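K.L.:
Residue numbers (this note's numbering): 1066 to 1261. Cβ coordinates follow ideal geometry from the N, Cα and C atoms, glycine included. Quick caveat: nothing in here was measured; it's all calculated off a predicted structure. One structure is given below, represented as structure tokens, and several questions about it will come after.
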């Protein structure tokens, strides 16, 4: 099937994840207001923003699908953001130490008059005995300043973890590839499909 897939994101990690499963796609920057709504549950925020991003880019032809995604991380009810600074990264890792961090990773596919929405929840438990000096060294080595929660599971993050609870491990990285691949197959996009 001929298709066009547009990733509504400028995230380098989401681009790399989507490329990993072999689909052909282009990228556009979404026009979505990501302001926090007071009292909005994390899962609802992730789903709302994923859909806003997907809907912000027009589908231009038949079989043109727009993929929007968003991720919200929380620890004990506190929203964890992309820290952008080493100081905030350390603060978030200190909050996470000895606790579970929950990720709600949502994606929305829009096209052919359809809107398909999915949510994957994952959890990471952090070591309780990690020293501040270790956290500072981790930040220096892994540079997680643009990662929700201030860490990377795909890199050195496991050095400060006790456990990961995830049915779709790539969800923690920002895009749940198992769930996404299943959804793409449902709409006729199969990177493993053999054309005759």
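Within a Cβ cutoff of 8 Å, which residues of the same chain sit near residue 1128, ignoring the five residues on either side of it in sequence?
P.N.:
Start at 1 with the first residue of the chain shown, and residue 1128 comes out as number 63. For residue 1128, where only same-chain residues beyond five positions count, the Cβ hits under 8 Å are 1066, 1067, 1068, 1069, 1176, 1177 and 1253.
K.L.:
Rounded to whole angstroms, what's the CA-CA distance from residue 1099 to residue 1106? Just pull it up for me.
P.N.:
Residue 1099 sits at position 34 when you count from the first residue of the chain shown. Residue 1106 sits at position 41 when you count from the first residue of the chain shown. Computed Cα separation, rounded: 14 Å.
K.L.:
With a threshold of 7 Å (Cβ to nearest heavy atom), would residue 1142 be considered close to the ligand ATP?
P.N.:
The model depicted lacks the ligand ATP and carries no ligand whatsoever.
K.L.:
Apart from the five residues on each side of it in sequence, which residues of its chain come closer than 6 Å, Cβ to Cβ, to residue 1240?
P.N.:
Within the chain shown, residue 1240 is the residue found at index 175, counting from 1. Answer for residue 1240: 1079, 1082 and 1134, listed in chain order.
K.L.:
If we define contact as Cβ-Cβ less than 8 Å, is residue 1249 a contact residue for chain C?
P.N.:
The displayed structure is made up of one protein chain only, and chain C is not part of it.
K.L.:
What did DSSP end up calling residue 1212 once you bin it into helix, strand or coil?
P.N.:
Your numbering for residue 1212 matches position 147 in the chain shown. Residue state, collapsed to three classes: coil.
K.L.:
Under the assumption that residue 1167 contacts residue 1188 (Cβ atoms under 8 Å), give the Cβ distance between them as a whole number of angstroms.
P.N.:
In the chain shown, counting from the first residue as 1, residue 1167 sits at position 102. In the chain shown, counting from the first residue as 1, residue 1188 sits at position 123. At roughly 5 Å, the Cβ-Cβ gap stays under 8 Å, so residue 1167 and residue 1188 are in contact.
K.L.:
If you draw a straight line from the C-alpha of residue 1113 to the C-alpha of residue 1227, how long is it?
P.N.:
To locate residue 1113, count along the chain shown from 1; it is residue 48. To locate residue 1227, count along the chain shown from 1; it is residue 162. The alpha-carbon atoms of residue 1113 and residue 1227 are separated by roughly 31 Å.
K.L.:
When you compare only the Cα positions, how much space is there between residue 1260 and residue 1089?
P.N.:
Here the question's residue 1260 lines up with position 195 in the chain shown. Here the question's residue 1089 lines up with position 24 in the chain shown. Low confidence applies here, because residue 1260 scores a pLDDT of 46, under 50, leaving its location unreliable and the question unanswered by this model.
K.L.:
Using CA atoms only, rank isn't needed, just tell me which of 1246, 1225 and 1221 is closest to residue 1233.
P.N.:
The residue you call residue 1233 lines up with position 168 of the chain shown. The residue with the shortest Cα to Cα distance from residue 1233 is 1246.
K.L.:
So residue 1207 is in the alpha helix (DSSP H); what residue range does that whole segment cover?
P.N.:
Position 142 of the chain shown, counted from the start, is the residue given in the question as residue 1207. Segment 1197 to 1207, the alpha helix (DSSP H) holding residue 1207.
K.L.:
Just list the beta strand (DSSP E) runs in the segment 1145 to 1179, keeping only unbroken ones of 3 residues or longer that don't cross its boundaries, in chain order.
P.N.:
DSSP runs (the beta strand (DSSP E)) wholly in the segment 1145 to 1179: 1165 to 1176.
K.L.:
Pick from 1238, 1199 and 1197: whose alpha carbon is nearest that of residue 1217?
P.N.:
Taking the chain shown and counting its residues from 1, the one referred to as residue 1217 is at position 152. Taking only the C-alpha atoms, the option nearest residue 1217 is 1238.
K.L.:
Near residue 1157, which residues of its chain fall below 7 Å by C-beta distance, leaving aside the five closest residues on each side in sequence?
P.N.:
Here residue 1157 corresponds to residue number 92 of the chain shown, with the count starting at 1. If we look at residue 1157 and ignore the five residues flanking it on each side, its Cβ neighbours are 1145, 1148, 1214 and 1215.
K.L.:
Rounded to a whole number of angstroms, what is the C-alpha to C-alpha distance between residue 1173 and residue 1122?
P.N.:
Residue numbering aside, residue 1173 sits at position 108 when the chain shown is read from its first letter. Residue numbering aside, residue 1122 sits at position 57 when the chain shown is read from its first letter. Spanning the two alpha carbons is a distance of roughly 12 Å.
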